Structure formats: structure tokens, C-alpha cells
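Heads up: the sequence shown at position 191 corresponds to 191 in UniProt numbering, and the numbers run straight through without jumps.
All remarks here apply to the structure that follows.
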Amino acid sequence: MSRLIYMGFKLLEPYEGKLSRTVLRGESGSNPADLPDKAIASPLMASYLVYMYKTVRKFWGEAIVVTQELGDIIGNAIVKDSIIANSDTICLLDQGKFKENYAQVSTLLSLNAAEQRKIFTINALDNKSGRSRFKEVYIRRGLVGEVYGVEVSLRQYLTFSTEKPEKRALEYYISREGSFHQGLESFIAEMESSGLSLDAFVKKVNHSL
């Protein structure tokens, strides 16, 4: 392993603790460790990022960068020039709250008017009747993208849900039944027999605790 790649991995070591404390153990992320944005934003990292992207592409791979803040994209020249310029695929979640101030993002990501119209349909259409819970995502590879629904079964959704009320209600059933599998099955069976929606059933369970 080259020293350059080793240095890149070393930057991420402090964040293993954050992962284990929040995602893996299900604890709140209200006071997580800072992500390595300062290190990535350093001019010293610019050449490394370009090198990394070109190396990954050489081996038919694709580096993935995830951000929750548009400011991470707009306000950082290093990220903009080194990452976005070398990204072949772009995935966007609901952008509705940024609709009134989307000029910078659309220019940066080369989103024409037709693509922007697609993006602002994310989770905004009346297309949920008769379907399981799902969220939509815009995926663009090349110049044209589409909006896709990410739809999973109720069992899958509850298994990976990070919503505190849902986790609390499910944990009650797991504790009562003695195992995750039995608790999940019991939760779903009682919810379906109640005729309530998931949100209403979760509120009912938590209210009784």
C-alpha cells in the first residue's frame, strides 16, 4: 500500500468510533464526531483526491462521496473541482426545500431545466397507493437521469429503521418475545390485525409502555 493511500485511510480511523456508537449500536447521533471535512477540504488533499478518482476509474470502479449539506458542495472549491468533476454518477434525495435557491447547485451539477423538473418530483407525486413504504431518489449517469422508488418490505424497513419511535416499539416486542426474529414477526402480526397504519400502531405501542 502506498504511503498516499495509507494517509487517506488514517484520516478515517477516528470515525470508526462514531459508526459503532451511532449506527451499529442504535444510539443517537446528536453529538457525533466531526466528519473529516476539514482534512478533505485541505489544498494538500486536492491532488490526492484527483489521484484517487483516476486510480479507481482505471480499475473499473467508482468512488462514492455522500453529503447531507449542499454547502459541502457549493462552498468548497476543493470538493467541487476534485470530486464532482470526476464523478460519473450523481444521486440526489429530496431537494424540495432548496427549490427556491437551486441555481448554484444546478449549475455545478450541470442540471438542465428538464432534469430539475424530474428532481422536484421526488416524493411529491401521488403514487403511493397500494405500495409499501418507499422513498424516491434521482440517479443520473451521464447527461440524463430518472427518479426511482426505493421500495422494501415492511420487515426490511423495520429491520433497518433508525426512527426512534419505531425502534422503541419494536424493541418492546423483541424483549417480550426473546429474539429479534420473533419480536419482528409478532410486531407485524399485531399491527396487521389491528388495521392501523405503521405510524398509528407505533404511537399506540409507545403510549402503552
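Quick reminder that beta carbons are idealized off the backbone N, C-alpha and C, glycines included.
Predicted model, so just to flag it, every value in this text is computed and none were measured.
Excluding sequence positions up to five before and after Glu-62, its CB lies within less than 7 Å of the CB of Val-56, Asp-88 and Thr-89, all in the same chain and listed in chain order.
In this model, Ser-82 and Tyr-48 are separated by some 9 Å (Cα to Cα). Counted as a single uninterrupted DSSP element, the stretch harbouring Lys-97 is not any beta strand (DSSP E), since DSSP gives it neither H nor E. According to the DSSP assignment, Ile-188 belongs to the alpha helix (DSSP H) that extends over 180–194. In this structure, Ser-179 is the residue among Ser-179, Leu-92 and Ile-84 with its C-alpha nearest to the C-alpha of Thr-159.
If you look at Glu-171, you'll find it in the alpha helix (DSSP H) that goes 164–177. Under the Cβ criterion (8 Å, minimum of three pairs), the stretch 200–208 counts as touching the stretch 148–168. At the C-beta level, Val-144 and Glu-136 stay beyond 9 Å of one another. For Arg-140, the three-state secondary structure derived from DSSP is strand.
Secondary structure of Val-152 (DSSP, three-state): coil. For Thr-67, the closest alpha carbon among the candidates Phe-59, Lys-80 and Trp-60 is that of Lys-80. In the DSSP annotation of this structure, the continuous segment of the beta strand (DSSP E) that includes Thr-89 starts and ends at 89–92.
The count of Cβ pairs closer than 8 Å, one atom from the stretch 121–129 and one from the stretch 98–105, stays below three, leaving the stretches out of contact. Annotation: the continuous alpha helix (DSSP H) that includes Thr-107 extends over 103–108.
Taking Leu-108 as reference, the option from Lys-97, Tyr-172, Asn-86 and Gly-195 with the minimal CA-CA separation is Asn-86. Per DSSP, the unbroken alpha helix (DSSP H) holding Leu-198 starts and ends at 198–208. As DSSP reads the structure, Glu-146 sits in a beta bridge with Ile-139.
For a cut-off of 8 Å, the C-beta gap from Arg-131 to Tyr-157 is around 12 Å, too long to register as a contact.
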